[in-house]
Amino acid sequence: MTSGPGAARFGVPLVRLAVAESTNDVARLLASAGTREGAVVLAGRQTRGRGRLGRVWLSPEGGLWCSIVLRPVGQGPPGLLSLAAGLAAAEAIETVSDVHAGLKWPNDVVLDGRKVGGVLIESAAGATIAGFGINVRVPLEGLARDVAETATSLHLMTGRPVDPEAVLEALLKRFAGWYDTWLAGGAGIVGAWSRRDATRGRPLHISISGETLEGTADGIEPDGALRLKDASGRVRRVVSGDLVSSQGMAQGR
Ligand code: BTN
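Residue numbers (the numbering used here): 14 to 266.
Right under this line is the structure:
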């Protein structure tokens, strides 16, 4: 990696592993051993990658699978960190390619309606771990069938080889910027996220603890909650849940 402001701040130390069960778990171990903020764990593949809401995250060779250790001093708005992470991932993708990256609440990165990446934020060992998964050149045949139907890769969308290292470098820089914005109160995160909102105005099904809510996506609130408008025009705030659009864009994989 070349040096740069973000790369210096996030990515020291940079622990590279050929294989990890989950980079979030390795980052948690580093955090409990006292590693500094900005430590990054990068794996060539994961054998037990996980996504939001306990989903399995298939992570063969060819993806960017990494986790960053954060030790926020003070606290930005809780609901906005995950949006900031999604923004960083979308911007990183655009830095290395000419595609437009959209976002699906809370932090799925989508290209042309198909999921190319996601973010898993966890608290562990007194730190916050931000795990990023981006399909750089994972062959879709290597994913489960239901996943492959709703997923894509950067390679597929651009038709050109993209280097996961280049995506990592861009991601660390972009995330350093958005993380600072979040620490400073988060102004601008909701606006930037909304400009990439790939679901606004679309019908959604949201499953929360076994209950399914239906409505139309109506953007996000200042605190990052999703606005779901029902048929009568009533807006519900959704702060967590599994979001599936009526067009079958699955949240997880
Ligand atoms: C999601 O969309 O559900 C979030 C997926 C996050 C996957 C990444 S890959 C690196 C890190 N390690 C994990 O086990 N998960 C995250």
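For glycine and all other residues, C-beta sits at the position ideal for the given N, C-alpha and C.
Just so we're clear, the structure is a prediction, and the values are computed from it rather than from any experiment.
Exercise. Any idea which residues DSSP pairs D210 with across the strands?
Worked result: Answer is L116.
For this session: Under 8 Å Cβ to Cβ from A238, same chain only, skipping five residues before and after it: list those, please.
Result: Answer for A238: G92, R250, V251 and V252, listed in chain order.
Problem set entry | Residue from A103, S110 and V180 whose Cα sits closest to the Cα of D121 | The residue with the shortest Cα to Cα distance from D121 is A103.
Problem set entry | Completely contained beta strand (DSSP E) runs for the region 17-67, where each covers 3 or more residues | With a minimum length of 3 residues, the continuous beta strand (DSSP E) runs that stay inside the region 17-67 are 27-33 and 53-59.
Problem set entry | Endpoints, alpha helix (DSSP H) assigned at W78 | Looking at the DSSP string, W78 is not in any alpha helix (DSSP H); the run it does join, the beta strand (DSSP E), is L77 to L83.
Exercise. For the alpha helix (DSSP H) that E107 lies in, which residues bound it at each end?
Worked result: Its alpha helix (DSSP H) spans residues P91 to V109.
For this session: Go ahead and pull the three-state DSSP assignment for L133.
Result: Residue state for L133 is assigned as strand, using DSSP reduced to three classes.
For this session: Enumerate in chain order the residues of its own chain whose CB-to-CB distance from R22 is below 6 Å, with the five nearest sequence positions on each side excluded.
Result: For R22, where only same-chain residues beyond five positions count, the Cβ hits under 6 Å are G51 and A189.
Problem set entry | Own chain, CB closer than 7 Å to W118, minus 5 neighbours either side, in chain order | T212, I233, L239 and L256, listed in sequence order.
Exercise. Would the C-beta of W268 count as close to the ligand BTN, meaning under 7 Å from any of its heavy atoms?
Worked result: Not covered by the structure: residue 268. The range shown for the chain is 14 to 266.
Exercise. Are the region 214-233 and the region 191-198 touching by the rule of at least three beta carbon pairs closer than 8 Å?
Worked result: Contact between the region 214-233 and the region 191-198 is absent: fewer than three C-beta pairs spanning the two stretches fall below 8 Å.
Problem set entry | Any non-hydrogen atom of the ligand BTN closer than 7 Å to G72 Cβ | Looking at the sequence itself, residue 72 is Ser, so the reference to Gly does not match. Result yes, Cβ under 7 Å from the ligand BTN.
Problem set entry | Short Cβ contact (8 Å threshold) for A143 with V132 | It is a contact, given that the beta carbons lie within the stated cut-off.
Exercise. Is S166 near the ligand BTN, judged by its Cβ being under 7 Å from some heavy atom?
Worked result: Not so, every heavy atom of the ligand BTN lies at least 7 Å from the Cβ.
For this session: Give me the Cβ distance between A138 and R41, rounded to the nearest whole Å; I'm assuming they're in contact under 8 Å.
Result: Rounded, the Cβ-Cβ distance is 5 Å, consistent with contact.
Problem set entry | Contact belief for V82 with A140 at Cβ below 8 Å, rounded distance in angstroms | The distance from the Cβ of V82 to that of A140 is about 5 Å, consistent with a contact at the 8 Å cut-off.
Exercise. Is it the case that the CB of T225 approaches a heavy atom of the ligand BTN more closely than 7 Å?
Worked result: It does not: the Cβ of T225 is nowhere closer than 7 Å to a heavy atom of the ligand BTN.
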